[in-house]
Amino acid sequence: QLVKTHDLSPSHNYIIGSHPHGILCVGAFCNFITGSTGFEELFPGIRSFLTTLAGNFRLPVFREYLMSGGLFPVTRRAIGYLLSQKGTGNVVAIVIGGAAESLSCRPGVTTLILKNRKGFVRMALRHGAFLVPSFSFGENDLFRQVVFEEGSWMRSIQRRFQKMIGFAPRLFYGRGLTSCRSRGFLPYA
């Protein structure tokens, strides 16, 4: 459910800082891309765009899938285009914590990574966009993850992958198709 706490004027552009990342950013995707939570009805005249890792656009078939869903790379160039070339009434949603935040997500716990995450503020200042916070309650409860503690050799492998390819591989699971007790890739609801 998307809860509106303030009106957004179509005569301005906005950068939404979405939290937390979770495993797959389900809340941000549902709220800003699918229309399933009524964003367009709650904010008439506002177009929303979600950003994701630029590395995701390097995979040929996956790139087309992301583009057909209306996702953009979280780069200065793409955000600048959305905030300056597409007129006003644009919302660019950025999941601030990114891959680093997803490594720490677990049910019942919310860890936000904000340190050294200032690029979105600079972009808002440069393009005259307003900053809007967004929080997806329950995002970290959708999947279970094997969390490796800081300093462990598995966490160091995840960090190395994150530096090389932009995101960290994670071991996660949801529920299965046959019952709520089996493991699979469906989110816990």
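Note that the sequence shown covers residues 2 to 190 in our numbering.
Ideal placement from N, C-alpha and C gives every residue a C-beta, glycine not left out.
These numbers come from a predicted model, not from an experiment.
Exercise. What's the gap between the Cα of Val4 and the Cα of Phe73?
Worked result: 24 Å
Problem set entry | Of the residues Gly129, Arg161, Arg78, Phe63, the one placed nearest His13, counting alpha carbons only | Gly129
Problem set entry | Phe52 versus Phe168: straight-line alpha-carbon distance, rounded | In the sequence under discussion, the amino acid at residue 52 is Thr, which differs from the Phe named in the question. Computed Cα separation, rounded: 14 Å.
For this session: Give the secondary structure of Ser105 by DSSP, where H, G and I count as helix, E and B as strand, and everything else as coil.
Result: coil
Exercise. Can the beta-carbon of Phe136 be found less than 8 Å from the beta-carbon of His7?
Worked result: no
Exercise. What separation, rounded to the nearest whole angstrom, lies between the Cα atoms of Ala125 and Glu150?
Worked result: 35 Å
Exercise. Secondary structure at Asn117, three-state DSSP: helix, strand or coil?
Worked result: coil
Exercise. Does the separation of the CB atoms of Val96 and Cys31 fall below 8 Å?
Worked result: no
For this session: Please state whether DSSP places Phe1 in a helix, a strand or coil.
Result: Only positions 2 to 190 of the chain appear in this structure, which leaves residue 1 out of reach.
Exercise. Out of Arg127, His22, Arg64, Leu43, which has the shortest C-alpha to C-alpha gap to Val110?
Worked result: His22
Problem set entry | His128 in three-state terms, based on DSSP | helix
Exercise. Can you check whether the CB of Ser103 is closer than 8 Å to the CB of Arg171?
Worked result: yes
Exercise. In terms of alpha-carbon separation, which member of Ala100, Gly90, Lys164, Phe121 lies closest to Phe192?
Worked result: Past the edges of the chain, shown from 2 to 190, lies residue 192, and the structure says nothing about it.
Problem set entry | Whole-number beta carbon distance between Phe173 and Arg156, since they are thought to touch under 8 Å | With a Cβ gap of about 15 Å, Arg156 and Phe173 do not count as contacting.
Exercise. Would you say Gly98 and Ile114 are within 8 Å of each other, going by their C-beta atoms?
Worked result: yes
Exercise. In whole angstroms, what is the alpha-carbon distance linking Leu83 and Val122?
Worked result: 15 Å
For this session: Enumerate in chain order the residues of its own chain whose CB-to-CB distance from Leu132 is below 6 Å, with the five nearest sequence positions on each side excluded.
Result: Ile16, Ala125
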